[in-house]
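Its first residue numbered 5, the sequence shown is counted upward by one per residue in my numbering. Where is the CB? At the ideal position from N, CA and C, for every residue including glycine.
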Amino acid sequence: MHFKSLISLCLTLLLVHSVHAQEATPSFSGTTLNTGQQIDLDGFKGKVVLVDFWASWCPPCLASLPAYNKMRQEIGTSDFEIIAINVDEDTEDGLKFLEKHPVDYPVLADPTGQIGIPWGIRTLPRSFLLDRDGKLITTYKSFKKGDEVKIQQQITALLEQ
Numbered sequence: 005m006h007f008k009s010l011i012s013l014c015l016t017l018l019l020v021h022s023v024h025a026q027e028a029t030p031s032f033s034g035t036t037l038n039t040g041q042q043i044d045l046d047g048f049k050g051k052v053v054l055v056d057f058w059a060s061w062c063p064p065c066l067a068s069l070p071a072y073n074k075m076r077q078e079i080g081t082s083d084f085e086i087i088a089i090n091v092d093e094d095t096e097d098g099l100k101f102l103e104k105h106p107v108d109y110p111v112l113a114d115p116t117g118q119i120g121i122p123w124g125i126r127t128l129p130r131s132f133l134l135d136r137d138g139k140l141i142t143t144y145k146s147f148k149k150g151d152e153v154k155i156q157q158q159i160t161a162l163l164e165q
């Protein structure tokens, strides 16, 4: 069995709970791949946050990362942030992807699924929109060009609350 398939199977079998709307989300922390900065999800309370799980081998991720970066530039970071979680088994693959497609937001590596399993990641990309209290508002599965318009509208509505 291919190693990626085995990991997918293990993630599915180990998953006993996935995150649902209006629930507190699982916390995580780590050092970013792109800046070397230490971050903790709890440190972003008070901001609207988009948590995005992606991989270098995922075609929709190729479209989502630059679209999210542009969206973040338009919205600003005073009350909003994106945190990306790269799930490549080999962190070097994620780094190479970021060299070709750089983003301004923090990117963590999760090669073992330690962050992703509690979030119930089964498909990529998978994004979670959190309110200022860290509660899940909605999730986005996959990505196609134009999805960022709807996502940005939902973020703007949360920021206006």
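query, result
"Per-residue DSSP class, three states only, for Val20", "Caution is warranted here: a pLDDT of 35 is assigned to Val20, below 50, making its placement in the model unreliable, and no coordinate value can be reported."
"Local conformation of Gln41 per DSSP, three classes", "coil"
"Per-residue burial, Gln156 [other beta carbons within 10 Å of its own, 16 or more giving buried]", "buried"
"The region 107-114 contacting the region 31-45, beta-carbon criterion three pairs below 8 Å", "yes"
"Whole-angstrom C-beta distance between Gly138 and Ala28, which should lie under 8 Å", "6 Å"
"Buried versus exposed, by CB contacts within 10 Å (16 or more), Val91", "buried"
"Run of the beta strand (DSSP E) containing Trp58, from where it starts to where it stops", "52-58"
"Helix, strand or coil at Gly124 according to DSSP, with G and I counted as helix", "coil"
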